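Here is the structure we will look at.
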Amino acid sequence: MNATLRTRVGALELPNPVVTAAGCAGAGRELAQFFDISSLGAVTTKSVMLEPHAGRPAPRMAETPSGMLSTTGMQGPGLDVLLQRDLPWLCSRGGRAIVSVAGAGVAEFGELARRLSEAEGVSAVEVNLSCPDPASSSGRTFADDPERAEEVLETVRSQARSELPVLAKLAGDVPDVVELAGACVDAGADGLSMINTLRGMAVDTRTLRPAVAGGLGGLSGPAVRPIAVGCVYRVHEALPEVPIIGMGGVRTGEDALEFMAAGASAVAVGTVNFSDPSAGARVLREFTEALEVRGFTRAADLVGAAHRTGPRG
């Protein structure tokens with residue numbers, strides 16, 4: 012039996028439900044030496060800003076139990092380099108691009124959406140709401156305030172061409188992830204990516220200083236997966252018609268199966284790429300095998316299965 016893997020995330024149609032997570036694979040070039048990058052559903056680019064950013068000083072990453080702390084400070088060469096170098100390269104390899112965008116303010120998000128709408132080869136735009144909100148004096152991000160997140164999504168949707176799917180990337184460490192999801196959908200998001208890294212900290216016990224520059228970092232990896240699966244489950248329960256790309260600690264095909272049963276239509280492979288750069292292809296293979304073992308003929312039939320069976324007890 013060969014299961015049908017074709018997947019839809021709103022208007023975004025993918026050959027299979029396994030994509031890369033933003034920030035963990037560049038624009039795909041680093042992974043292409045290990046497997047055919049076009050075999051994945053899509054490549055989600057590292058979050059791009061309008062202008063080049065040097066980011067935070069080192070150290071930017073630190074290993075933690077079952078996870079990793081990172082704090083890049085939105086380092087990157089800017090939109091022009093993505094459009095002139097990275098996106099053409101990915102398209103030449105047959106890859107599909109979900110472009111993650113990060114704005115220093117609401118207006119920058121809108122300008123990014125406008126320019127990406129004019130570019131060839133952009134399959135979808137993912138809006139990174141974990142950017143610092145310049146209107147906040149306490150270091151809050153856009154994701155911390157549903158009203159500000161809604162403002163960002165309204166601006167992006169108004170500037171993006173109508174047929175270009177817009178995905179809102181949600182944080183999991185917010186007061187109410189369902190409220191945040193609803194605000195983004197009301198503002199025009201076609202789907203959701205969840206969850207982003209969780210804010211955390213580690214102290215280097217040799218120096219007694221924070222392990223990453225700036226003190227706090229974003230926690231990713233297997234340690235966050237139960238939280239991520241729970242967020243996906245809750246949002247799918249509240250908004251069953253809204254497509255979700257689930258992410259957070261996906262390492263195996265069984266992990267992908269878990270996210271989709273909780274309500275995700277696709278899954279993103281992130282932190283594991285740093286230790287296993289062929290993980291995307293392996294997860295896809297393992298997921299396909301797990302799907303067929305359980306008798307599913309279509310990946311789409313798995314979405315939300317945990318809701319249909321109900322909780323134990």
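Going by my numbering, the sequence shown opens with residue 12, and the numbers climb by one from there. Beta carbons are placed, not taken as given, at the ideal position from N, Cα and C, and that holds for glycine. Predicted model, so just to flag it, every value in this text is computed and none were measured.
Own chain partners of residue i with C-beta closer than 7 Å, once the 5 adjacent residues on each side are dropped
i, result
"Phe298", "Val29, Gly264, Ala267 and Leu268"
"Ala22", "Glu174, Pro176 and Asp201"
"Arg309", "Ala14 and Thr15"
"Ser77", "Gly232, Pro233 and Ala234"
"Phe307", "Ala14 and Leu313"
"Arg172", "Ser128"
With 16 other Cβ atoms within 10 Å as the buried cut-off, status of residue i
i, result
"Ala65", "exposed"
"Val133", "buried"
"Ala146", "exposed"
"Arg305", "exposed"
"Thr82", "buried"
"Asn207", "buried"
"Leu219", "exposed"
"Asp155", "buried"
"Glu158", "exposed"
"Thr320", "exposed"
"Arg96", "exposed"
"Asp144", "buried"
"Arg168", "buried"
Contacting residues, own chain, Cβ-Cβ under 6 Å from residue i (five flanking each side not counted)
i, result
"Ser111", "Ala33, Thr55, Thr56, Ser58, Glu137 and Asn139"
"Arg245", "Val189"
"Leu93", "Val59"
"Asn284", "Cys35, Ala36 and Ala290"
"Ala130", "Leu94"
"Thr216", "none"
Which residues DSSP lists as bridging residue i, in chain order
i, result
"Leu203", "Ala179 and Ile255"
"Arg19", "Glu24"
"His64", "Gly87"
"Asn139", "Lys180"
"Arg210", "Gly229"
"Asp215", "Arg220"
"Thr166", "Answer is none; Thr166 lacks a bridge partner."
"Val54", "Ala108"
"Thr152", "Pro143"
Presumed contact (8 Å Cβ cut-off) between residue i and residue j, rounded CB distance
i, j, result
"Leu127", "Leu61", "Actually they do not touch by this definition, with Cβ atoms about 11 Å apart."
"Asp184", "Glu161", "At roughly 19 Å, the Cβ-Cβ gap does not stay under 8 Å, so Asp184 and Glu161 are not in contact."
"Pro68", "Ala224", "5 Å"
"Pro63", "Gly87", "7 Å"
"Arg236", "Gly259", "5 Å"
"Met79", "Ser231", "6 Å"
"Gly315", "Pro251", "7 Å"
"Leu98", "Ala108", "6 Å"
"Val261", "Val278", "5 Å"
Run of the alpha helix (DSSP H) containing residue i, from where it starts to where it stops
i, result
"Leu123", "Val117 to Ser128"
"Val294", "Ala290 to Val304"
"Thr320", "Ala316 to Thr320"
For residue i, the first and last residue of its enclosing beta strand (DSSP E)
i, result
"Glu74", "Met72 to Thr75"
"Leu80", "Gly78 to Ser81"
"Ala279", "Ala277 to Val280"
"Val243", "Counting along the chain, Val243 falls outside any beta strand (DSSP E), though it belongs to the alpha helix (DSSP H) covering Arg236 to Ala249."
Contacting residues, own chain, Cβ-Cβ under 8 Å from residue i (five flanking each side not counted)
i, result
"Gly274", "Val243, Tyr244, Val246, His247, Glu248, Pro251, Ile255, Gly257, Val314, Gly315, Ala317 and His318"
"Ile48", "Gly39, Leu42, Val54, Leu101, Arg104, Gly105 and Gly106"
"Gly229", "Leu80, Ser81, Thr82, Ser141, Asn207, Thr208, Leu209, Arg210 and Gly211"
"Gly324", "For Gly324, the predicted structure reports a pLDDT of 48, less than 50, and the residue's modelled location is therefore unreliable. The matter cannot be settled from this model."
"Gly89", "Val59, Met60, Leu61, Glu62, Pro63 and His64"
Contact test: residue i Cβ vs the ligand NAP heavy atom, cutoff 7 Å
i, result
"Gly226", "With respect to small molecules bound, the structure shown includes none, and the ligand NAP cannot be examined in it."
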